[in-house]
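First the structure, in the form of structure tokens, and then the observations on it.
2 protein chains.
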Amino acid sequence: MPKRADLSDTLCPVGRSAELLGDRAVLLILRELFFGRRRFELIAANTGLGPQLVSVRLKMLVAEGVAERRAYSERPVRHDYWLTDKGKALFDVLYAMRNWAERWAYAPGEAGEGPAIRYVHRTCGTDVGTATVCPGCGASLGYGDLKGEPSPALEAEQTARTA
Amino acid sequence: MPKRADLSDTLCPVGRSAELLGDRAVLLILRELFFGRRRFELIAANTGLGPQLVSVRLKMLVAEGVAERRAYSERPVRHDYWLTDKGKALFDVLYAMRNWAERWAYAPGEAGEGPAIRYVHRTCGTDVGTATVCPGCGASLGYGDLKGEPSPALEAEQTARTA
DNA sequence: TATAGTAACTATGATAATCATAGTGACAAG
DNA sequence: CTTGTCACTATGATTATCATAGTTACTATA
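Heads up: the protein sequence lines correspond to chains A and B, in order.
Take 132 as the starting number for the first sequence in the numbering used here and just add one per residue.
Take 132 as the starting number for the second sequence in the numbering used here and just add one per residue.
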């Protein structure tokens with residue numbers, strides 16, 4: 132394909148986000164980072180993306196200030212990737228995607244009982260369902276406030292990929 | 132590229148959404164539909180996408196049940212595209228993208244004063260900022276509750292594209 | 001009647017992004 | 001001194017995307 136059109140200078144905020152997020156690989160990598168999988172190989176394994184693509188996208192995310200490369204070991208030198216504040220702020224987008232999918236993207240009963248990922252408010256323990264404000268205590272919910280618990284079926288799928 | 136990997140059968144809700152939303156063209160077309168631009172040529176002009184891509188993606192959105200093709204005129208036969216309920220539910224995702232971009236994707240002062248798009252709660256008139264719950268009346272905010280008002284600069288950019 | 005215009009597409013070819021797979025460099029462990 | 005781990009890089013086949021031109025089916029104006 133020809134060079135993809137550049138949206139980074141549009142004044143439209145959705146266009147600007149689309150420049151970053153309108154990419155399957157980026158979305159999947161962000162998912163991994165939000166789930167606490169920071170190592171290159173784990174990210175590649177869990178997303179099913181080739182190492183080339185993972186490499187290119189991680190560099191892009193670092194360049195955009197969304198992720199950060201850190202050494203977690205000298206001798207041997209090993210690096211992993213962490214979300215910056217700018218990256219953590221993307222949680223709301225992924226959470227909205229999850230909310231939409233839980234409601235619209237599964238055939239009846241396909242995900243077993245209940246949602247594929249259950250989110251619980253850390254401070255009060257309430258299952259928040261798909262809310263953006265805690266139904267228990269009324270606090271607004273962002274990254275760090277929520278604890279995601281994959282269903283047994285989803286967990287099985289994930290461990291199968293790493294094996 | 133080889134055929135892109137299929138995520139439609141993963142149990143992960145983010146993966147499922149990514150299958151649809153991890154695509155620049157889809158995101159831009161959805162933006163147009165949410166802004167009430169339903170005609171093919173308008174969508175192509177405002178997104179800057181070629182007619183081929185717009186055609187393919189609209190067919191995909193219709194096949195996914197996110198959009199619907201309607202005839203708005205017989206003689207000559209003319210069609211346009213509307214969001215279904217499943218499509219309208221994606222508002223939360225695009226709104227989260229907008230919220231993120233307003234905060235993180237502009238250089239200081241780049242968008243002029245205030246946000247690139249101002250959102251106002253229709254029923255109570257409050258400027259909601261980037262909230263998901265109305266700061267004025269406490270109602271939760273979804274598609275239909277909000278009225279988006281582009282800044283003069285953004286409006287200028289949009290009309291420039293259609294001319 | 002002829003010409004131009006509008007809207008929703010389809011067709012084509014050049015180019016670049018993606019996938020799959022194999023390979024590299026730096027080190028540790030047995 | 002061979003095997004293993006981890007974070008990548010290199011390569012070639014395949015295909016999606018862009019830009020542009022063309023098509024179909026009408027309406028409107030001259």
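Every residue, glycine too, gets a C-beta built ideally from N, C-alpha and C.
Based on Cα-Cα distance, which residue from the options lies nearest to residue i?
i	options	result
TYR212 (chain A)	A:ASP276, A:ARG170, A:ASP258	A:ARG170
LEU151 (chain B)	B:GLU163, B:LEU138, B:LEU142, B:ARG162	B:LEU138
ALA220 (chain A)	A:GLY269, A:SER148, A:ALA175	A:SER148
TYR237 (chain B)	A:ARG135, A:ALA136, A:LEU142	A:LEU142
ILE248 (chain A)	A:LEU214, A:GLY196, A:PHE166, A:LEU159	A:PHE166
VAL197 (chain A)	A:GLU205, A:ALA227, A:LEU164	A:LEU164
LYS190 (chain A)	A:GLY179, A:ILE160, A:GLU280	A:ILE160
TYR274 (chain A)	A:TYR250, A:THR290, A:ALA291, A:GLU172	A:TYR250
GLY279 (chain B)	B:THR290, B:ALA287, B:GLY269, B:VAL259	B:VAL259
ASP276 (chain A)	A:TRP231, A:PHE222, A:ARG168, A:GLU233	A:PHE222
LEU158 (chain B)	B:GLY269, B:VAL208, B:GLY179	B:GLY179
ASP216 (chain A)	B:ARG162, B:ARG234, B:ARG209	B:ARG234
ALA291 (chain A)	A:ARG162, A:LEU173, A:ASP140	A:LEU173
LEU214 (chain B)	B:LEU285, B:ARG168, B:CYS265	B:ARG168
ALA232 (chain B)	A:GLU195, A:ARG206, A:TRP231	A:GLU195
Is the distance from the Cβ of residue i to the Cβ of residue j below 8 angstroms?
i	j	result
PRO144 (chain B)	ARG229 (chain A)	yes
GLY181 (chain B)	ASP154 (chain A)	no
GLY240 (chain B)	HIS252 (chain B)	no
SER271 (chain A)	THR263 (chain A)	yes
Is residue i helix, strand or coil when you go by DSSP?
i	result
SER139 (chain A)	coil
ALA270 (chain A)	coil
TYR203 (chain A)	strand
VAL264 (chain A)	strand
ALA198 (chain B)	strand
ARG169 (chain B)	coil
So residue i is in the beta strand (DSSP E); what residue range does that whole segment cover?
i	result
TYR212 (chain A)	209 to 214
VAL251 (chain B)	248 to 252
GLU280 (chain B)	277 to 281
My assumption, with CB atoms under 8 angstroms, is that residue i sits in contact with residue j. Please give the rounded CB distance.
i	j	result
ALA156 (chain A)	ARG188 (chain A)	5 angstroms
VAL193 (chain A)	ARG200 (chain A)	6 angstroms
THR293 (chain A)	ALA175 (chain A)	Contact doesn't hold; Cβ gap of about 10 angstroms is too wide.
VAL224 (chain B)	ALA242 (chain A)	Actually they do not touch by this definition, with Cβ atoms about 19 angstroms apart.
Under DSSP, the alpha helix (DSSP H) around residue i begins and ends at which residues?
i	result
VAL224 (chain B)	222 to 235
ALA149 (chain B)	144 to 152
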